[in-house]
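Single-structure report; data block below.
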Amino acid sequence: MKGIYIAMVTPFNSDGSLALEAHKRNIERWNRTNVKGYLVLGSTGEAVHLSYEEKVKLVEATLEVRSPDKKVFVGTGQFSTEETIKFTNEMASLGVDYALVVTPFFYKSLMSSDALLRHFIKVADRSRIPVFVYNVPQYTGVNLPVDIIPRLAEHENIRGLKDSSGNIYYDSAILRMGLESFELFVGNFTALFQSTLLGASGALLGVANVAPQETADLYEKGRSGDVETAKRIYMKLLKVNGLLVGRLGPAGVKYGMDLLGYEGLYPRPPLLPLNDDQKMQVKEVLKEAGLME
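Here the working numbering is used: position 247 in the sequence shown is 249, and no number is missing along the way.
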C-alpha cells in the first residue's frame, strides 16, 4: 500500500449540489496515473460540509469507478466514539479498504492522552476494516501525543497514522521507533521529501489532485535512491502546494484542477470561490511549475 494517495476534493455545482459525475470523471483520469488510491471525505474534500446521504453517495461513486488496483481510504471520524464506530462500519459495508479516523476535537482541552488512546482502541476493536489515525492539529487544535503511538501500534487493527502537521521532527520521532507493520503517511506536502527519505510509507495529499503523477514520481524516486530527481520534483511543487493548499484551501485546489482539465468546480459555503486576483496567482504558479502552458 506504500505510495501516494489523492486526498480528493468534492466537486459541487454552482447551486451547491453534489457533482457526482464530475467526481467520477476525475477519478477515471487519475486511474491512469501511478497513485496508489484515494481518500474520500478528508479535509480537502470538505467532509464537514456534507450530509450523511451525500457522504454515502460520494463513497459509492468512488468505489464504482476506482481502478481495481487502487485502494480507498474514507474519513470516518465523528464527534463521539460510538458514532465513529457506527459510521466506520457503514463505510466498511460499502467496500472501502481503510478508515481514516481524525482525533476528536470538540472538547479539545479534555482530549488527554488517555482519552485519545481509549477512543482509538475502542474504534479499532469494533471496526471491520483497518484503522488509520488522523492527526491534523491545524484544523482540530489537538495534536496526537507521540508517546501514545507505540500503544496504538500494538493494536492489530490500527494500521498506521496520517500526520498532516507538517512537523518533520514529529514524523522522524515516529519513524525512529521502528514500529513493525505500522505505516506512517504524511498529509502535508512540505514534509513529503524528507519523510520519504526517512522511510515513511507515503502520503495522502491535497496537491495530488493537480499533480498526481508528479507526486507519485517524487515518492518513487526518493524511495529508490534517486534523491536529486525527487528533490527537483519537490522544489517544483513546493510553491504550488503552498498557494493552492496552504493559502487558498479547497477552492484553490479546485480552480487549479479546472485549469488542468479536471473538474474541481465550486467550494461549498461558507467557503468562497477565488476572486480574480487569486485566480491569476494560481495560473502563474502552475505555469512556473510547468504544469500548464
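Positions of the beta carbon are idealized from the N, C-alpha and C atoms, including for glycine. Because the structure is a prediction, the values reported are computed rather than measured.
For residue i, the residue or residues it bridges with in DSSP
i	result
Gly-44	DSSP output for Gly-44 lists no bridge partner at all.
Asp-165	Asn-137 and Val-188
Ala-205	Ile-6 and Val-188
Val-103	Val-135
Val-76	Val-42 and Ala-101
Tyr-268	Phe-14
Ile-160	Val-133
Leu-20	Phe-14
Spatial neighbours of residue i in its chain, beta-carbon cut-off 8 Å, leaving aside the 5 residues before and after
i	result
Glu-222	Gly-5 and Asn-36
Lys-124	Thr-83 and Ile-87
Arg-161	Tyr-100, Pro-132, Val-133, Phe-134, Ser-183, Phe-184 and Glu-185
Val-212	Val-242, Leu-246, Val-255, Gly-258, Met-259, Leu-262, Tyr-264, Leu-288 and Leu-293
Lys-298	No statement about residue 298 is possible, as the shown extent of the chain runs from 3 to 295 and does not include it.
Gly-18	Tyr-268, Arg-270 and Pro-271
Glu-295	Lys-289
Residues near residue i by beta carbon distance below 6 Å, same chain, minus five either side
i	result
Ser-197	Asp-173 and Val-188
Val-144	Thr-105, Phe-107, Lys-110 and Met-113
Phe-89	Thr-78 and Gln-80
Glu-56	Leu-20
Arg-128	Ile-87
Leu-199	Gly-224
Residue j beta carbon less than 8 Å from that of residue i
i	j	result
Thr-217	Val-229	no
Ala-63	Lys-26	yes
Asn-15	Lys-72	no
Leu-96	Val-61	yes
Ala-193	Gly-168	yes
Tyr-7	Gly-204	yes
Ala-1	Leu-220	With the chain running from 3 to 295 in the structure shown, residue 1 is simply not present.
Ala-9	Gly-47	yes
Val-74	Val-42	yes
Asn-159	Ala-126	yes
Lys-233	Phe-195	yes
Ser-226	Tyr-141	no
Leu-65	Val-11	no
Asn-137	Ser-115	no
Gly-248	Pro-13	no
Leu-177	Phe-191	no
Sequence-distant residues of the same chain with beta carbon closer than 7 Å to residue i, five excluded per side
i	result
Val-67	Lys-26, Ile-29 and Glu-30
Arg-130	Asn-91 and Ala-94
Leu-299	This structure cannot speak to residue 299, because the chain is shown only from 3 to 295.
Lys-281	Tyr-257
His-157	Ile-123 and Ala-126
Gln-215	Thr-35 and Asn-36
Ala-24	Pro-13, Glu-265 and Leu-267
Thr-231	Lys-223
His-121	Thr-83 and Pro-106
Gln-283	Leu-245
Ala-175	Val-148
Exercise. Tell me, please, whether the stretch 178-191 touches the stretch 150-162 by the rule of three or more beta-carbon pairs shorter than 8 Å.
Key: yes
Exercise. Tell me, please, whether the stretch 94-109 touches the stretch 75-82 by the rule of three or more beta-carbon pairs shorter than 8 Å.
Key: yes
Quiz item: Counting Cβ pairs, one atom from each stretch, are 3 or more of them under 8 Å apart for the stretch 253-260 and the stretch 269-284?
Solution: yes
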